[in-house]
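Protein chains in written order, with the numbering used here: chain W, 2 to 485; chain D, 110 to 604.
Using N, Cα and C, we set each Cβ at its ideal position, and we do this for glycine too.
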Amino acid sequence: MNTPLRRLATVVLVMFLALLGSVTTVQYLQAGSLNNDPRNVRTLYREFGNARGSIVVAGEAVASSTPVDDAFGYQRVYADGPLWSAVTGFYSIANGAGWGLEDTADDVLTGRSDRLFFSRLRDVLTGRSPEGATVETTLDPAAQRAARDALGGQRGAVVALDPRTGAVLALVSTPGYDPNALAVHDTAAASAAFSELLAAEGNPLRSKASQELYPPGSTFKLVTAAAALESGRYTAGSTLPAPTELPLPQSTRTLGNFGGGGCGADPVSLAEALRVSCNTAFASLGIDLGADALRAQAEAFGFGTTVEDLLPSTATSAFPEAPDGAQTALAAIGQGDVTATPLQMAMVAAAIANGGTLMRPYLVDTVRAADLSVVSTTEPDVLAEPVSEETAATLTQMMLGVVESGSGTAARIGGVAVAGKTGTAQTTADVAPHAWFTAFAPAEDPQVAVAVLVENGGDLGSDATGGRVAAPVARAVLEAVLAP
Amino acid sequence: MATVETHRVRAGRWTELGLLVLSLALGIGAYALVGLGTAQEVPANWLGHAGVLTGLALAVHLVLRWRAPWADPVILPVAVALNGVGLAMIHRIDLARQTRGVESAFAGRQLMWTAVSVALALAVLVLLRDHRTLRRYTYVAMLAGLALLVLPLVPVIGQTINGARIWVRVGGVGMQPAEFGKIALAVFFAGYLVSNRDTLALAGRRVLGLQLPRARDLGPILVVWGASLAVLVLERDLGTSLLFFGMFVAMLYLATERVSWVVLGLALFAGGAALAAATFGHVAARFDVWLHALDDDVYRRSPGGSGQLVQGLWGMASGGLFGTGWGEGRPDLVPYAESDFIVASLGEELGLTGLMAILSLYLVLVQRGLRTALGVRDGFGKLLAGGLAFVVAVQCFVVVGGVTRLIPLTGLTTPFLAYGGSSLVANWVVVALLLRISDEARRPAPVVRTTTPGGGTAGLATPAAGVEILGGGRPARAGDEGDDQPTEVVRGVPR
């Protein structure tokens, strides 16, 4: 009976070798893919178990992790959540890190980034539990609050940039939401809060500043005017036909001006057409320049590309691919198939303000490790040079006229030269138009460029124009940034 | 010239004591580390826990010195180590549940069950002076085994938990009788096969090169095998079914040395498994879960989905090579982390390294059991020790293989580690039986040994020396059944 016993011992050995093999497969060979499974909540639990870095605005944390006595160890807390929600996004056990810096800066906030290699190594060696890095933003809390207060209960967005660097000074979307409701450690409650926000009036989860596209309306006339000046065939004094009604080419339709009247003169100068926002003049200008020239100018300002690493799901503004004559005419006045985010229109104003040089917008100024050492600082970076310095100066003069005595007088600030452009974008006949205003100040030494969008006319509804509804919001933001 | 030289067999009790110190350090240290890992302090009842565990281990050690001085010195320390690590992990899962506000006090009850188990093991060692006594109860064991198997089917006391009707509850105390059934049936098979092995092996026709046994020789085996399978299908306990099956085939092979039994057994099992998969929804679901565990629809299916299995895999994956450390992981995320999935919990907190160490402990335990079977002189003892050792191996294989997706997952407890009174008691009784048989196996046979004329007991032989019988106390038993092969205690050494 000893021979079969020895064989049985061999069988047992083989069985255990198979077990050692399968254990190795699970814990070593497949460990990576198992750990990365999106359904695996352990990764999230482990992240929650470590101190996640803070998101800081002007020295104060708007999102931070505080130790709590539960299974997770740390609770994400948002200070004044709805004000910053378009910037921070949320960090939820039910939905992960989403929508804002919580998502784009996730690897530094968790401390996983390669940039934090040495502090991670130190944590391993000293046995400390790893801590995430702090993200210091470029935002100006006064501008952010001014924008939120000026928008009030209206649905809309404000983006303010420092034209000299591209630093984002304000990024507001209303209505905001409270990320604290999503950060609760009760999965069911967090999921319920998420579903509630998804279904909520005004779509608060989506940032109107960077994730939604709108027809830019007359603010796009800045791009058309830039294309005209850059073509070399036009100056500020060049005259344009400005009929009350312009027959659209390859179409039986005609285009009128806002309010149905003329533009004060016919023909009208380019500067005058911009000041009063003359539709027929710009439409005929667009037909003369052609779709390709308009598209090239729009793309030089950033249309058709997405600003990388700024915020998640940033929408790409677009000029139509192959418009016919009528569509080109409509596109030239920011209607038809042209779409833009408030961020994009702020970039147009910022490029003009900065002498024709467009800086890459950025939100993260400095990343600091847990020991306060600086991990990285964002250096301003030139994104494009859409217009010459000369064109930029001409456009600035034209935009000063808009605020001085044109459609944007509501943005005037005593003692400060404000350059701006209004926009009133029709969508469909029975819906009130979107009100736009984009501006920068002071015109001689621009420190801030801003774009304001108020959805569907805001409080004024169908009576709204960019000058009446959006311009006062822009003024409030400009004042807040320029205040000593 | 050849001289006869005595080869001294060490009883090994001091070795055992040394190993026990290591085992206790492992179990008690793990218990302390659980507290340090979760609450940065040693658990409040640490000293009490250490005292009980040490006391129980020492009690077995002392009884072995008294009643089985030649018993294998490795078996007890391995059992104590596994039991201690299991207690620490169960305590750790209690703590994890308590921080979530869930009432959980498995560790205290498991320690109580450990005490009961050790008491029973001691009773076996003290009362059962010779394992061959059990052979008298061959058919009683058969009846007892069958009765234990059908007990859960009895109305009122039988209980269905999680789809398997394997529980019996009387007066508030629940138990899984199949765990004891495996011991009773091992005794029956050893007794029956040792008496009938020749007829089973030799009589019968050859078909296709296979020696088939005669039907009348097979009768009792088929009755037990068929009854146990039928009952297990009715009780829906696939794991136990697999366990019995493995034990039967292995013991038949040990007794008859016929590969035909293995072929026949594997064929029967493959057929049975295919039939079960085709007939029973829950068996087919197990196969589906095994093959497609990570598919989203299988993962989310409830009941009968792969959620628990995949949670266990994620736990082990997060442990990686070296584990999170005691108290640093989240083993409580896996359902039944303290019983069926304790292997996943250990894999998470101790890592691949720790799990390999634990598997090695099991391998050592099983191989010491098989070594005992090799060493013991009587056929009944060989079959019983071999069968019991193999049962432990199969049980590990089924559980760990199921949790790691090597084979389909079936519900079985991990010996000594998992929470559960019945399993713990049964496995300690298995250890007691193995210790008892190993005492017989390792006891030196009566030895012809030379003494010097001066009365000294030097081991060197001189031709004129007187002869005296030395040995373990009992005379050689010439009439034992089985292929008695004396252990090598006397060697001729050429010079």
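(request) Taking residue 445/D as part of the beta strand (DSSP E), name the residues at either end of that continuous run. (result) Within the second sequence, the letter at position 336 stands for residue 445/D. From DSSP, residue 445/D is part of no beta strand (DSSP E); its letter is neither H nor E.
(message) Quick check on residue 366/D - is its C-beta less than 8 angstroms from some C-beta in chain W?
(response) On the second sequence, position 257 is the one that residue 366/D refers to. Yes, residue 366/D lies at the interface with chain W (some Cβ there is under 8 angstroms from its Cβ).
(message) Taking only three categories from DSSP, how would you classify residue 336/W?
(response) Here the question's residue 336/W lines up with position 335 in the first sequence. Coil.
(request) Let me know the secondary structure DSSP gives residue 68/W once reduced to three states. (result) Along the first sequence, read from residue 1 onward, the residue named residue 68/W stands at position 67. In the structure shown, residue 68/W sits in a strand (DSSP, three-state: E or B).
(message) Check whether chain D comes within 8 angstroms of residue 431/W, counting only Cβ atoms and requiring the distance to be less than that.
(response) If you number the first sequence from 1, residue 431/W lands on position 430. It does not; no Cβ of chain D falls within 8 angstroms.
(message) Between residue 211/D and chain W, is any beta-carbon pair separated by less than 8 angstroms?
(response) Residue numbering aside, residue 211/D sits at position 102 when the second sequence is read from its first letter. With 8 angstroms as the cut-off, residue 211/D does not count as an interface residue toward chain W.
(request) Could you tell me the distance, in whole angstroms, from the CA atom of residue 204/W to the CA atom of residue 142/W? (result) One-based indexing of the first sequence puts residue 204/W at position 203. One-based indexing of the first sequence puts residue 142/W at position 141. About 24 angstroms.
(request) Note down, in chain order, every chain W residue with its Cβ under 8 angstroms from the Cβ of residue 513/D. (result) As a working mapping, residue 513/D is identified with position 404 in the second sequence. Chain W residues near residue 513/D: 20, 23, 24, 26 and 27.
(message) I need the straight-line Cα distance from residue 225/D to residue 536/D, nearest angstrom please.
(response) On the second sequence, residue 225/D is found 116 positions in, with the first residue counted as 1. On the second sequence, residue 536/D is found 427 positions in, with the first residue counted as 1. Approximately 12 angstroms, taken between the alpha carbons.
(message) According to DSSP, residue 246/W sits in a beta bridge with which residue or residues?
(response) Your numbering for residue 246/W matches position 245 in the first sequence. Its beta-bridge partners are 257/W.
(request) Identify whether residue 438/D lies in helix, strand or coil by the three-state DSSP scheme. (result) Your numbering for residue 438/D matches position 329 in the second sequence. It is coil, neither helix nor strand.
(request) Apply the 10 Å Cβ neighbour rule to residue 149/D and answer buried if 16 or more other Cβ atoms are within range, or exposed otherwise. (result) For the purposes of this step, residue 149/D is taken as residue 40 along the second sequence, with counting starting at 1. With fewer than 16 other Cβ atoms within 10 Å, it is exposed.
(message) Can you pull the chain W neighbours of residue 410/D, defined as C-beta to C-beta under 7 angstroms?
(response) Within the second sequence, numbered from 1, the residue matching residue 410/D stands at position 301. By Cβ distance, chain W contributes nothing, its closest Cβ being about 13 angstroms from residue 410/D, past 7 angstroms.
(message) I'd like the span of the alpha helix (DSSP H) that includes residue 175/D, first residue to last.
(response) Your numbering for residue 175/D matches position 66 in the second sequence. 155-176 is the span of the alpha helix (DSSP H), which, as asked, contains residue 175/D.
(message) Within the continuous alpha helix (DSSP H) that includes residue 378/D, where are the two ends?
(response) Taking the first residue of the second sequence as 1, we reach residue 378/D at position 269. Its alpha helix (DSSP H) spans residues 368-388.
(message) By the three-class DSSP mapping on this structure, what secondary structure does residue 266/D have?
(response) Reading the second sequence from its first residue, position 157 is the one you call residue 266/D. Coil at residue 266/D, not helix or strand.
(request) Please state whether DSSP places residue 178/W in a helix, a strand or coil. (result) Counting from one through the first sequence, the residue named residue 178/W turns up at place 177. Residue state, collapsed to three classes: coil.
(request) Please classify residue 126/D: does DSSP put it in a helix, a strand, or coil? (result) Here residue 126/D refers to the residue found at position 17 when the second sequence is read from its first residue. It is helical.
(request) Measure the C-alpha to C-alpha separation of residue 509/D and residue 311/W and round it to an integer number of angstroms. (result) As a first step, residue 509/D must be located in the second sequence, where it is residue number 400. As a first step, residue 311/W must be located in the first sequence, where it is residue number 310. Computed Cα separation, rounded: 48 angstroms.
(message) For a cutoff of 8 angstroms on Cβ pairs, would you count residue 76/W as touching chain D?
(response) In the first sequence, counting from the first residue as 1, residue 76/W sits at position 75. Closer than 8 angstroms: no.
(message) Quick check: is the beta carbon of residue 478/W nearer than 8 angstroms to any beta carbon in chain D?
(response) If you number the first sequence from 1, residue 478/W lands on position 477. By this cut-off, residue 478/W is not an interface position.
(request) Have a look at residue 302/D and residue 381/D and give me their C-alpha separation to the nearest angstrom. (result) Within the second sequence, residue 302/D is the residue found at index 193, counting from 1. Within the second sequence, residue 381/D is the residue found at index 272, counting from 1. Their backbone Cα atoms lie some 24 angstroms apart in a straight line.
(message) Using the Cβ count rule (16 or more neighbours within 10 Å means buried), how would you classify residue 242/D?
(response) For the purposes of this step, residue 242/D is taken as the residue at position 133 of the second sequence. Exposed: under 16 other Cβ atoms inside 10 Å.
(message) Rounded to whole angstroms, what is the Cα-Cα separation between residue 315/W and residue 342/W?
(response) As a working mapping, residue 315/W is identified with position 314 in the first sequence. As a working mapping, residue 342/W is identified with position 341 in the first sequence. Looking at the two C-alpha atoms, the distance is approximately 9 angstroms.
(request) Could you pull out every residue in the same chain whose Cβ sits closer than 8 angstroms to the Cβ of residue 356/D, ignoring the five residues on either side in sequence? (result) For the purposes of this step, residue 356/D is identified with residue 247 of the second sequence, where counting begins at 1. Closer than 8 angstroms at Cβ, skipping near neighbours: 291, 294, 295, 298, 496, 499, 500 and 503.
(request) Spell out a yes or no on whether the segment 178-187 of chain D and the segment 243-252 of chain D are touching, meaning 3 or more CB-CB pairs, one atom from each, closer than 8 angstroms. (result) no
(request) Express the C-alpha separation of residue 453/D and residue 453/W in angstroms, rounding to a whole number. (result) Residue mapping note: residue 453/W aligns to position 452 of the first sequence, counting from 1. Residue mapping note: residue 453/D aligns to position 344 of the second sequence, counting from 1. Their backbone Cα atoms lie some 56 angstroms apart in a straight line.
(message) Between the alpha carbons of residue 174/D and residue 122/D, how many angstroms are there, rounded?
(response) By 1-based counting over the second sequence, the position of residue 174/D is 65. By 1-based counting over the second sequence, the position of residue 122/D is 13. Those two C-alpha atoms are separated by around 7 angstroms.
(request) Go through its chain and collect everything with a Cβ distance to residue 288/W's Cβ below 8 angstroms, but skip five positions before and after it. (result) The count along the first sequence starts at 1 and reaches residue 288/W at position 287. Counting only Cβ-Cβ distances below 8 angstroms, and skipping sequence neighbours, we find 250, 326, 329, 330 and 333.
(request) Determine the closest residue to residue 391/W out of 57/W, 77/W and 358/W, with distance taken between C-alpha atoms. (result) Residue 391/W sits at position 390 when you count from the first residue of the first sequence. Ranking 57/W, 77/W and 358/W by Cα distance to residue 391/W puts 358/W first.
(message) For residue 380/W, report the span of its alpha helix (DSSP H) as first-last.
(response) Residue numbering aside, residue 380/W sits at position 379 when the first sequence is read from its first letter. Here residue 380/W belongs to no alpha helix (DSSP H), and DSSP marks it neither H nor E.
(request) Give the C-beta separation of residue 298/W and residue 386/W to the nearest angstrom, bearing in mind that I take them to be a contact with Cβ-Cβ under 8 angstroms. (result) Residue numbering aside, residue 298/W sits at position 297 when the first sequence is read from its first letter. Residue numbering aside, residue 386/W sits at position 385 when the first sequence is read from its first letter. 12 angstroms between Cβ atoms; not a contact.
(request) For residue 284/D, write down the residues that DSSP places opposite it in a beta bridge. (result) In the second sequence, counting from the first residue as 1, residue 284/D sits at position 175. Paired residue(s): 277/D.
(request) Measure how close the beta-carbons of residue 484/D and residue 550/D come, nearest whole angstrom, since I'm counting them as under 8 angstroms. (result) Within the second sequence, residue 484/D is the residue found at index 375, counting from 1. Within the second sequence, residue 550/D is the residue found at index 441, counting from 1. Residue 484/D to residue 550/D, Cβ: 3 angstroms. Contact.
(request) Under 8 angstroms Cβ to Cβ from residue 270/W, same chain only, skipping five residues before and after it: list those, please. (result) Along the first sequence, read from residue 1 onward, the residue named residue 270/W stands at position 269. The answer, listed in chain order, is 237, 238, 239, 240 and 241.
(message) Please classify residue 384/D as buried or exposed, where buried requires at least 16 neighbouring CB atoms within 10 angstroms.
(response) Within the second sequence, residue 384/D is the residue found at index 275, counting from 1. With fewer than 16 other Cβ atoms within 10 Å, it is exposed.
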